[in-house]
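Following the UniProt record's numbering, the numbering of the sequence shown begins with 1 at its first residue and continues without gaps.
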Amino acid sequence: QEKKRKGTNMNIIKIPFQIVKPLFKSLWFWGAVLVLVLLFWASKGDVSKMAKVLKLLARFVFKVVELVLGLFAIDLKKMFDEVGL
């Protein structure tokens, strides 16, 4: 009985990762495409403009990563509390 309960708990943890994994792969892909498009657009101007775009992009990426990690940290903690770890 106890063993079966543990098994279902592990499945509950695995499910979000199965949903998130392909999402992240497509995010990386579209992120790369966006970066290339931005760089191409920026390089029509001068080098300083390109540097500005890169700096803004880096700041934006950092904020997004921070946000995502924050969300996941909260969710993972909640999940672990439910499992009882």
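Glycine is no exception: its CB is placed at the ideal position from the N, C-alpha and C atoms.
So for K63, helix, strand or coil by DSSP?
Reduced to three states, the DSSP call for K63 is helix.
Span separating the alpha-carbon of F72 from that of L57:
Looking at the two C-alpha atoms, the distance is approximately 22 Å.
One question on the structure: do L38 and V53 come within less than 8 Å of each other, judged by their Cβ atoms?
Yes, Cβ-Cβ distance for L38 and V53 is below 8 Å.
Span separating the alpha-carbon of K49 from that of K21:
In this model, K49 and K21 are separated by some 34 Å (Cα to Cα).
Helix, strand or coil: how does DSSP classify K44 here?
Looking at K44 - three-state DSSP - the assignment turns out to be coil, as it is neither helix nor strand.
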